[in-house]
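Report on the structure given below.
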Amino acid sequence: MAEKKLVLYNPYGIGNTILMLPMLQSLKNSSFNYKIFMVVTQNVVKDLLSDQNLLDEIYLYESKANNKNSYQGLLGIIHYVTNNIKLILLTRKLNATYLVILAKVGYKEYLYGILSGAKTVLGYKKVAFINKMLKELKEFDEIAHETDAWLDLVGQLTENTTTSKTPNLQIKKNLKLLKGNKRIGIHPGCSEALKFKRWPVESYIDLIRMVKKNYDVDVLILGGKGELFLGQKIEKSLAGLVDNYVGVLDIKSTANLIQDCDLFISNDSGLMHLASALNVRQIALFGTSNTEKFRPRSPNAIVIDGKKLDKVSLNPIDNISVSLVYETVAQCLA
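Take the sequence shown: its letters are residues 880 to 1213, numbered as in the numbering used here.
Next up, the structure:
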């Protein structure tokens, strides 16, 4: 029997990738014994998945793919076209039996699927065009949890192999932390493009001040390089009360710190899903995001949804009061 090669194209960041873990586990457990490759667009995703033993190979394609400024002007257009040609050539070289496009398929992805050389292309439709060549594209379920959507997409490739629907990560220790006080990790940010998801940094500052006044805990501020200003603002406002690691650690070291936290507090973000996959007790603050679709599935997660509170703010995340979050922290630390 000829070896079946499966290529997964993943243009997403940490959060969405973690929600794909049950799907990857299902493919890995399949009796078809696929050779599984993933093409990713961010180094941080490659680093995160490299130790999970779910993929045979991970390829990094255009690490600046999500940076719109990379494609401005004539040189930008040439750069964009060149990198898409590289993506097509890479996929053709892998000689995929199946190409799974882990993004809603628009015109660009449609062309990629046609030119990929894959015998079968799977994905979810983004636009309503006549689908003559990629007949396996499916309608996206806007209600189902994201993890269920990915499992459903590859169901025909796995014969719906039974697997846990809760994402799970195994992270090797690369930091040695001294034992001491209880630790609370806080991620005040998220992607800059989705900054409307952020609970106000002033609210985080007030929360930390209340927690430190009443509990003997260490508070760790975490985040990426694009969130440096948030960490600096919190550190400046709470001098000596927090340890600021924003923009300092790689993703595996960040995961190590989160894993050693007794509680993790964040907005709807990639690190929220990371904490969930590490089974850390957490408080997840949601505003405009659909909690049914994106909520952490860990039994240790408490979700506070601003849309379900009585206040009516322009941004539902602003409905969440500091006192409510503090009360929830107190319950978790009891």
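Yeah, the Cβ is synthetic: ideal placement off N, Cα and C, and Gly gets one too. As the structure is a prediction and not an experimental result, all values here were calculated from the model.
Would you decide whether Phe1108 is buried or exposed? Buried here means 16 or more other CB atoms lie within 10 Å of its CB. With fewer than 16 Cβ atoms within 10 Å of its Cβ, Phe1108 is classed as exposed.
Where DSSP assigns a beta bridge to Val1127, which residues make up the other side? In the DSSP assignment, Val1127 is bridged to no other residue.
Are the beta-carbon atoms of Val1033 and Val984 separated by less than 8 Å? In this structure, Val984 does not lie closer than 8 Å to Val1033 by Cβ.
Counting C-beta neighbours from all protein chains within 10 Å, is the total for Tyr986 16 or more, i.e. buried, or is it exposed? Counting Cβ neighbours within 10 Å, Tyr986 comes out exposed, since fewer than 16 surround it.
Excluding the 5 residues flanking Thr1045 on each side, which residues of the same chain have their C-beta closer than 6 Å to its C-beta? Non-local C-beta neighbours of Thr1045 in its own chain, meaning closer than 6 Å and more than five positions away in sequence, comprise Arg1176, ordered along the chain.
Does the Cβ of Val960 have 16 or more other Cβ atoms within 10 Å, making it buried, or fewer, making it exposed? Under this definition Val960 is an exposed residue.
Does the separation of the CB atoms of Tyr854 and Ile1050 fall below 8 Å? Given that the chain is displayed from residue 880 to residue 1213, the structure contains no residue 854 and the question cannot be resolved.
Just how far apart, CA to CA, sit Ile1009 and Leu1016? For Ile1009, the predicted structure reports a pLDDT of 48, less than 50, and the residue's modelled location is therefore unreliable. A value from the coordinates is still provided. Rounded to the nearest angstrom, the two C-alpha atoms are 11 Å apart.
Identify whether Asp1027 lies in helix, strand or coil by the three-state DSSP scheme. Of the three classes helix, strand and coil, the one that applies to Asp1027 here is helix, per DSSP.
Please tell me whether Glu936 and Thr920 are closer than 8 Å, where the distance is taken between their beta carbons. A distance of 8 Å or more separates the beta carbons of Glu936 and Thr920.
With a 10 Å radius around its C-beta and 16 neighbouring C-beta atoms as the bar for buried, classify Phe916 as buried or exposed. Taking all protein chains shown into account, Phe916 has 16 or more neighbouring C-beta atoms within 10 Å of its C-beta and is therefore buried.
Alpha carbon to alpha carbon, what distance is there between Lys1172 and Ile1022? One C-alpha to the other measures close to 6 Å.
When the Cβ atoms of the region 1086-1097 are set against those of the region 1059-1078, are three or more pairs found closer than 8 Å? Judged by Cβ distances under 8 Å, the region 1086-1097 makes contact with the region 1059-1078, as three or more pairs qualify.
If we call anything under 8 Å between Cβ atoms a contact, is Leu1117 one with Ile1087? Between Leu1117 and Ile1087, the gap from beta carbon to beta carbon is short of 8 Å.
Give every residue of the same chain whose Cβ lies closer than 6 Å to the Cβ of Ala1028, excluding the five residues on either side of it in the sequence, and list them in chain order. Counting only Cβ-Cβ distances below 6 Å, and skipping sequence neighbours, we find Asp1020.
At which residues does the alpha helix (DSSP H) containing Gly955 begin and terminate? Following the DSSP letters along the chain, one finds Gly955 inside the alpha helix (DSSP H) bounded by residues Gly952 to Leu973.
Check whether the region 1200-1207 touches the region 926-935, taking contact to mean three or more Cβ pairs, one atom from each stretch, closer than 8 Å. With a cut-off of 8 Å, the region 926-935 and the region 1200-1207 do not count as touching, because too few Cβ pairs lie within range.
With distances taken from CA atoms, which of Tyr938, Leu887 and Leu1212 is nearest Lys1091? With respect to the C-alpha of Lys1091, the residue from Tyr938, Leu887 and Leu1212 having the closest C-alpha is Leu1212.
To the nearest angstrom, how far is the alpha carbon of Asn1146 from that of Lys1190? The C-alpha of Asn1146 lies about 18 Å from the C-alpha of Lys1190.
Tell me whether Asn889 is buried or exposed, calling it buried when 16 or more other Cβ atoms sit within 10 Å of its Cβ. With 16 or more Cβ atoms within 10 Å of its Cβ, Asn889 is classed as buried.
Under three-state DSSP, which class holds Asn1047? Looking at Asn1047 - three-state DSSP - the assignment turns out to be coil, as it is neither helix nor strand.
Asn932 versus Met1089 - alpha carbon distance: Cα to Cα, Asn932 sits roughly 42 Å from Met1089.
Measuring alpha carbon to alpha carbon, tell me which of Asp1129, Ser1132, Gly1110 and Lys1131 ends up nearest Asp1122. The residue among Asp1129, Ser1132, Gly1110 and Lys1131 with its C-alpha nearest the C-alpha of Asp1122 is Gly1110.
Mapping DSSP to helix, strand and coil, what is Ser909? Looking at Ser909 - three-state DSSP - the assignment turns out to be coil, as it is neither helix nor strand.
Check for me: the beta strand (DSSP E) holding Arg1062 runs from which residue to which? Lys1061 to His1066 is the extent of the beta strand (DSSP E) around Arg1062.
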